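Chains as they are written, first to last, in the working numbering: chain A, 10 to 228; chain B, 10 to 228; chain C, 10 to 228; chain D, 10 to 228.
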């Protein structure tokens with residue numbers, strides 16, 4: 010045990026730690042979502058709990074949507090970091106920016122849950138939520154473009170065509186979320202429908218690149 | 010260190026990552042439960058703290074019950090994922106659905122703790138809590154049935170009889186929790202007693218299948 | 010990768026998973042403590058923030074004390090689980106009970122922070138906090154006694170004298186915390202002083218048993 | 010699997026566990042920050058949600074600043090613990106003190122976010138926040154000085170000049186944060202500008218020491 014210290018000079022390049030830290034943030038953000046669903050309270054007055062619990066349905070809706078989104082990003086994060094051969098300082102910072110956007114998501118989720126039924130604020134709430142979904146899509150795409158440009162950090166054996174497909178997919182996501190933000194502002198129900206639709210789309214299984222097998226390595 | 014990148018083409022099948030992520034959600038959900046036990050506050054007025062702390066006993070009761078339930082699911086999750094030879098996209102999604110139900114549990118727990126002594130809402134609170142316990146049981150069983158049907162993902166060496174026992178156990182759980190939801194609505198004390206009883210039942214040690222030992226593998 | 014599934018029949022005995030899960034609960038409980046320090050708010054009225062932040066000193070005090078306690082238990086947990094050769098179902102349940110007590114600690118911490126300066130409730134708050142410290146000490150000792158009795162789960166190479174020293178230490182802890190609960194009820198300042206004193210005592214380095222070295226094993 | 014228990018007598022010296030626990034605290038603290046951004050609520054009255062969300066900009070500002078700070082400390086923690094050959098009891102305690110300061114950060118962040126626009130309290134809020142940034146810098150430097158003095162715990166192959174550069178860097182940080190606290194008290198905008206400036210400075214990539222490569226070791 011005493012002899013296995015990694016070499017200080019050459020180890021910052023692996024992606025394991027960044028992945029473990031990111032996993033932690035994903036797991037915490039996804040579990041914190043429930044804290045924004047508040048127990049109905051009405052100090053001094055009697056309430057009809059059943060009715061109150063039913064009227065919380067926008068909170069349940071927002072919770073499920075955000076839960077699935079974070080879950081999808083978690084799976085994608087693993088998928089993409091496996092395509093990276095190494096990491097560097099800039100990628101770490103871009104990943105931190107992405108995690109900031111993920112950890113921010115519980116807030117627009119709570120806003121949507123609180124104001125989706127409030128006639129005078131539901132447009133704002135839906136637009137803010139769509140914006141909250143745009144942020145991780147944007148930072149994710151930035152991170153990918155950085156890692157991918159000049160084949161800087163991605164596995165050299167990957168085919169250019171495969172990288173182009175992923176790039177196109179992520180850029181289109183950003184465009185569609187931008188549209189969803191705009192649509193939410195004009196017609197909030199349609200905007201939310203866009204968000205739900207995109208999420209359902211992302212639930213389809215990812216495409217795995219067929220690679221010439223590398224020499225099998227032991228962990 | 011630089012040479013141990015796993016092969017992008019062949020690694021999504023292992024269950025380690027899904028297990029690690031699930032463990033994170035279990036640990037966070039189980040620890041968040043305490044946040045729903047609120048410090049008694051009464052701005053402007055004096056309170057009898059001792060009495061207030063005693064009157065929180067429904068919150069303590071709900072906390073302990075949910076803590077034990079999540080702990081049991083955590084242990085079961087490990088137990089069952091060890092029976093899986095691999096994972097696939099659908100299992101990952103079903104597991105995400107299950108984790109959503111686990112992370113939801115602090116909410117009905119808080120509702121039960123807040124309204125168990127409120128005469129006009131205690132039935133609703135108990136029924137909602139029983140429903141909150143039904144959800145993970147249901148998604149758990151769905152996940153198991155998917156993995157088990159056609160022996161899709163489970164270890165091929167497991168005896169059919171052993172799989173049938175587990176299947177029966179999980180399906181019966183769903184039925185019993187459904188009954189507990191109904192009973193809670195009719196007689197909330199009996200419904201809660203069902204929930205406590207089921208939990209105590211689950212505390213008994215799990216049955217371990219005797220398998221022909223596989224060739225010992227080094228991690 | 011596809012071939013390293015552990016054998017379902019023989020792996021539940023290791024302590025790694027229980028330790029990892031416990032570590033998660035420790036890390037979360039210790040970090041959640043800050044959530045109970047509430048930002049001073051006074052809707053509609055102006056406040057003197059500097060004065061309010063200073064008057065929160067009982068919250069800071071309780072935070073630091075509980076943080077150190079959880080940190081000590083974390084270190085002790087590692088220390089003791091390294092003495093265990095394996096785990097079993099009962100130990101897992103006792104560990105779960107211990108984790109319940111750890112995850113409960115933020116609540117008495119918040120109560121103490123909120124009511125330590127409230128003349129009519131400070132005795133209750135201090136006693137409740139001392140009781141909150143007694144609970145993990147008690148469940149910890151139960152866990153140890155179970156693992157140790159009949160040398161059930163501890164490393165067989167450990168000297169009986171060493172085990173007796175640890176047993177005595179843990180039993181004495183329970184006794185002293187019980188006394189602290191009583192003293193807090195009679196004279197809350199003295200009771201809190203007991204709690205602080207015990208914590209400082211636990212900060213001394215643990216004693217490491219000298220063992221005949223086992224054959225070095227590779228992870 | 011059954012044979013890989015580490016040797017109780019010789020394993021407390023590795024840094025893996027301390028790092029894993031610290032990573033957990035970092036990930037939780039960084040994700041909890043969002044919980045301090047409260048959904049605008051105004052019971053009984055109608056609110057202009059868009060305006061309210063805009064007026065939360067001090068909360069967003071404080072969130073981003075603290076997120077980046079914790080992210081930087083996380084990266085630095087890995088960087089520096091890789092320079093350590095082993096850990097000991099005192100280093101563990103100093104690390105615990107450092108983690109206490111990190112886990113405290115969400116509180117001054119929330120205070121700054123709540124009172125940055127409140128004319129009569131913004132000076133207090135900014136000073137408290139700068140103080141909240143000074144605390145981890147101080148405990149970090151204490152930890153480093155302990156590990157470094159007499160080359161107690163650092164890798165023996167590191168050049169003295171490299172250690173001096175890091176020591177100087179950390180001591181200067183403490184001095185600059187102390188100045189930032191003072192400046193915040195006199196001119197809060199300038200104080201916050203100091204905090205932002207320091208953060209941006211820390212975003213530059215760290216310097217990696219060139220070491221004679223150690224014999225490559227397998228994990």
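In this text, a Cβ means the ideal position worked out from N, Cα and C, and glycines have one as well. Values in this document were obtained by computation on a predicted structure and should not be read as measured data.
Start and end of the alpha helix (DSSP H) containing residue i?
i	result
residue 198/B	197-211
residue 55/A	That residue, residue 55/A, is in no alpha helix (DSSP H); it is neither H nor E in DSSP.
residue 44/A	Careful: residue 44/A lies outside any alpha helix (DSSP H) and carries neither H nor E.
residue 93/C	Element bounds for residue 93/C: n/a, residue is neither H nor E.
residue 120/C	115-124
residue 145/D	131-157
Using only the alpha-carbon positions, how far apart do residue i and residue j sit?
i	j	result
residue 102/A	residue 29/A	15 angstroms
residue 142/A	residue 200/D	33 angstroms
residue 86/B	residue 167/A	35 angstroms
residue 202/C	residue 209/C	10 angstroms
residue 155/A	residue 114/A	23 angstroms
residue 211/B	residue 111/B	16 angstroms
residue 161/C	residue 48/A	45 angstroms
residue 174/D	residue 61/D	46 angstroms
residue 204/D	residue 177/D	19 angstroms
residue 181/C	residue 188/C	10 angstroms
residue 54/A	residue 66/B	22 angstroms
residue 77/C	residue 197/A	49 angstroms
Any beta-carbon of chain C closer than 9 angstroms to the one on residue i?
i	result
residue 57/B	yes
residue 43/B	yes
residue 9/D	Since the first residue of chain D shown is 10 and the last is 228, residue 9/D is not available in this structure.
residue 108/D	yes
residue 75/D	no
residue 214/B	yes
Does the distance from the CB of residue i to the CB of residue j come in under 9 angstroms?
i	j	result
residue 146/B	residue 45/B	no
residue 75/C	residue 109/C	no
residue 186/A	residue 207/A	yes
residue 72/B	residue 133/C	no
residue 24/B	residue 90/B	yes
residue 159/D	residue 36/C	no
residue 193/A	residue 139/A	yes
residue 106/D	residue 27/D	no
residue 92/D	residue 190/D	no
residue 43/B	residue 38/C	yes
residue 94/C	residue 170/C	no
residue 123/B	residue 50/A	yes
residue 144/D	residue 41/C	no
residue 64/D	residue 126/D	yes
residue 117/D	residue 98/A	no
Could you confirm whether any beta carbon from chain D is found closer than 9 angstroms to the beta carbon of residue i?
i	result
residue 122/C	no
residue 26/A	yes
residue 30/A	yes
residue 40/C	yes
residue 210/C	no
residue 268/C	The first residue shown for chain C is 10 and the last is 228, placing residue 268/C beyond what the model contains.
With a threshold of 9 angstroms between beta carbons, is residue i in contact with chain B?
i	result
residue 80/A	yes
residue 48/A	yes
residue 192/C	no
residue 200/C	no
Compare the C-beta of residue i against all C-beta atoms of chain A and say whether one is closer than 9 angstroms.
i	result
residue 115/B	yes
residue 37/B	yes
If the cut-off is 7 angstroms on Cβ atoms, which residues from the segment 83-94 of chain B count as contacting chain C, listed in chain order?
83, 84, 87, 91, 92, 94
Taking only beta carbons into account, state which residues of the segment 133-157 of chain C come closer than 8 angstroms to chain D, listed in chain order.
none
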